Amino acid sequence: MTKINAADAMLKVIESWGVENVYGLPGGSFDSTMNALYNRRHTLNYIQVRHEEVGALAAVGEAKVSGQIGVTFGSAGPGAVHLLNGLYDAQYDHVPILALIGQVPTSNMNTSYFQEMNENPMFADVSVYNRTVMTAEQLPGVVDEAIRQAYAHQGVAVVTIPKDLGWQEIDDNYESSADLYQPLALPAAPQSQIDAALKLLLAAKRPLLYLGKGAAGVRADLIALSERLHLPILTSALGKGIVPDSYPANMGSAGRVATKPGVEVARAADTVLFLGSDMPFQAYFINPQAKYIQVDIDPTKFGRRHHVDLAIRADAKQVVAQLLAAAPQDHAETGWYRAALKNKANWEDWKASFAADAETPLRVEPVFKAINDMATPDAIFQTDVGNVTINGMRYLKVDEQQQFTTSGWYATMGYALPAAIGAKAKYPNRQVWSISGDGGFAMVMQDILTQVKYQQHIINVVLTNQSLGFIEAEQDDTQQPHSGVDLIDADYGTAAAALGAVGFEVRTLPELKAAFAAAAQATGPVVIDVKISDLRPLPVEQLVLDQETQDPAAVAAFVAKYHAESLVPFRAMLAAENA
Ligand SMILES: Cc1ncc(C[n+]2csc(CCOP(=O)(O)OP(=O)(O)O)c2C)c(N)n1
Ligand SMILES: [Mg+2]
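Residue numbers for the sequence shown, in the UniProt record's numbering: 1 to 579.
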């Protein structure tokens, strides 16, 4: 029998699942796997990051855009601890990840040895599978099991590997289960429930279609259903792009990271078809009185966040097709639908009115216009956490084959740059963006070195408002003094240039245009640091726009502050349509 090092055998299993990239930073406790990564360098890319959190988030960023498992590692103790933020992002956003953890040799385990820690408890909460390998022979099998579990539960599988085991020779006869793996077949809904759902939707005066990730992949059907039954569409943050932003009935999202038409239709809807999402803020943003049809494959989600009239445990994608098959062809256009389309058009016009604004510090609209103008049809936008998420959700036009991701429900700052590394490693021929605030960028900017090392053409846009803007706004809302939210400025483009990237400082519209033109010509990483105004993004969750129902003086102040003269309250649009 041919012999093989156990660590090499493990990597063969990982490769058999189609994994191309492994992200991490070595440590002594991970030597045997580093040796195997060297041996298998022609079939598996090792991507060296400068911080294990970046490695974990790169694996997540790859998995979010590809749907395939991401792989990361950290060495015993500090290297392992650094992974946690990325792993929690995967847990919250249901992303399959394999994390390999170094451990001291078995002879030193359980003796409070240097860097030795009992790693299993630390990973217990974040993982769907969390084991320490006990013998060299079982190493490939345990990793195979871990990958199956990560896929089946769409979560994090952790395998801790005492380093001596990886060095041992074992028989080279392990048969991977990769070819056998099949996702669970997802059920369609019984016809009676489709009929009941349709009845509710047809009886509604103001029906709404809400999409989460569970509805991804059936864009044409979703649009057909929206058009047939005259349903405005809302999406979660991670649902951005399921239907194109340019679709006239796509209202965006509801919440604080949201759009005006999104928040307004969610509050005004009387019936909601809620597909494949666990949006935590349903109680605040979706009319609590609305009739609710919730479709999910996970029965634990029903009724968790909103009262439910009809719970359908089924695959959202099939339910859409079933509804489409049963829906009448002659549903008349409603005033509600027309008002929603007008609201979206009004919002688009308002946003566009700032696109060429030359005021300095720059507004964000010209920056996003530059991004949208340069974006290729299959561009990937990795977006950070903060006001930058609000702006990304509002201004990035995710159309065609473009993809948008962020740190959705875990919302960790410092997500975008690592996630862009992962997306670019997976899809070297696609255009990849990272879009961050100055706070988030500074948390991970050392890994510009990684982009430089691998000459990844990633366009990193930093929106410098010298503030932890999202938290500053929260402090304003609670009438407290600004505490700990001011950031000193730094020239991030210049700093990135010192690390080997092409960097720009942008303060004016002409500088913005020049930087983007140069970025398009670059072949390696680019950092465009745009000094923007600290004006809060329009707080769509607390609009003060309606002269008829709100205090006119407060409306005047709000409109002046946010230049909202042309924004029309949805109430007025509904009244005009008698809806
Ligand atoms: C790791 C982490 N620390 C703290 C927070 C809390 N938080 C959310 S948004 C935000 C501010 C982000 O600032 P910046 O990156 O500059 O973006 P801006 O809001 O200014 O656009 C903070 C501190 C978080 N989400 N993640
Ligand atoms: Mg900021």
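Glycine residues also receive a C-beta, built at the ideal position from the N, C-alpha and C atoms.
These figures come from a predicted structure and were not determined experimentally.
Within the same chain, Cβ atoms closer than 7 Å to the Cβ of Glu62 are found at Asn21, Gly70, Gly422, Ala423, Ala425 and Lys426, the five residues on either side in sequence being excluded. With contacts defined as CB atoms closer than 8 Å, Phe381 and Trp433 qualify as a contacting pair.
For Thr43, the three-state secondary structure derived from DSSP is coil. A check of alpha carbon separations from Val104 across Ala197, Ala420 and Thr160 identifies Thr160 as the nearest. Under the criterion of beta carbons closer than 8 Å, Ala316 and Val295 qualify as touching, at roughly 5 Å.
The criterion of a C-beta distance shorter than 8 Å is satisfied by Ala419 and Lys64. Relative to the Cα of Leu324, the nearest Cα in the group Ala224, Ser246, Ile448 and Val530 belongs to Ala224. Under the three-state reduction of DSSP, Trp409 is assigned to coil, being neither helix nor strand. The three-state reading of DSSP puts Glu505 in strand, counting E and B together. Distances from the alpha-carbon of Gly484 to those of Gly469, Ser226, Val54 and Gln182 put Gly469 closest. Restricting attention to Asp93, Leu100 and Ala58, the CA atom closest to the CA of Ser29 is found in Leu100.
For Phe558, the CB contacts under 6 Å within the same chain, skipping 5 residues up- and downstream, are Val544 in chain order. Sorting Leu234, Thr259 and Gln318 by C-alpha distance to the C-alpha of Trp350 places Thr259 at the top.
Within 10 angstroms of the beta-carbon of Met1 lie fewer than 16 other beta-carbons, which makes it exposed. Proximity of the beta carbon of Ser467 to ligand 2 is indicated: a heavy atom of the ligand is located closer than 7 Å.
If only uninterrupted alpha helix (DSSP H) runs of at least 4 residues are considered, those enclosed by the region 173–222 are 191–203.
Under the DSSP assignment, Gln322 falls in the alpha helix (DSSP H) whose first and last residues are Ala316 to Ala326.
Under the three-state reduction of DSSP, Leu310 is assigned to strand. Annotated as proximal: Asp384 and Gly440, with beta-carbon spacing under 8 Å. Contact between Tyr337 and Pro232 holds: their C-beta atoms lie close to 7 Å from each other, under 8 Å.
Residue side-chain check: Val385 places its Cβ nearer than 7 Å to a non-hydrogen atom of ligand 1.
The continuous alpha helix (DSSP H) containing Asn372 extends over residues Val364 to Met374. A distance criterion of 7 Å places the beta-carbon of Gly392 beyond contact range of ligand 2, judged by its closest non-hydrogen atom. In this structure, ligand 2 has no non-hydrogen atom nearer than 7 Å to the beta-carbon of Asp546. Look at Asp489: its beta carbon is at least 7 Å from all of the heavy atoms in ligand 2.
Out of Ala554, Glu472 and Ser277, the CA that lies nearest to the CA of Asp298 is found in Ser277. In the three-state DSSP reduction, Trp433 falls in the strand class (E or B). Close CB contacts of Val452 within its chain, under the 7 Å cut and outside five residues either way in sequence, are with Leu499, Gly500, Ala501, Gly524 and Pro525 (chain order). Inter-residue distance for Gly262 and Ala370 is about 24 Å (C-alpha atoms, whole angstroms).
Counting C-beta atoms within 10 angstroms of its own C-beta, Asp144 has 16 or more neighbours from the protein chains shown and is therefore classed as buried. 8 Å or more divides the Cβ of Tyr181 from the Cβ of Ala150. The beta carbon of Ala520 is closer than 7 Å to those of Met374 in its chain, skipping five residues each way along the sequence. For Asp221 against Ala321, the beta-carbon gap comes to about 6 Å, under 8 Å, which counts as contact. DSSP lists Ser467 as the beta-bridge partner residues of Asp486. Under the 10 Å beta carbon count, Asp447 is surrounded by 16 or more other beta carbons and is classified as buried.
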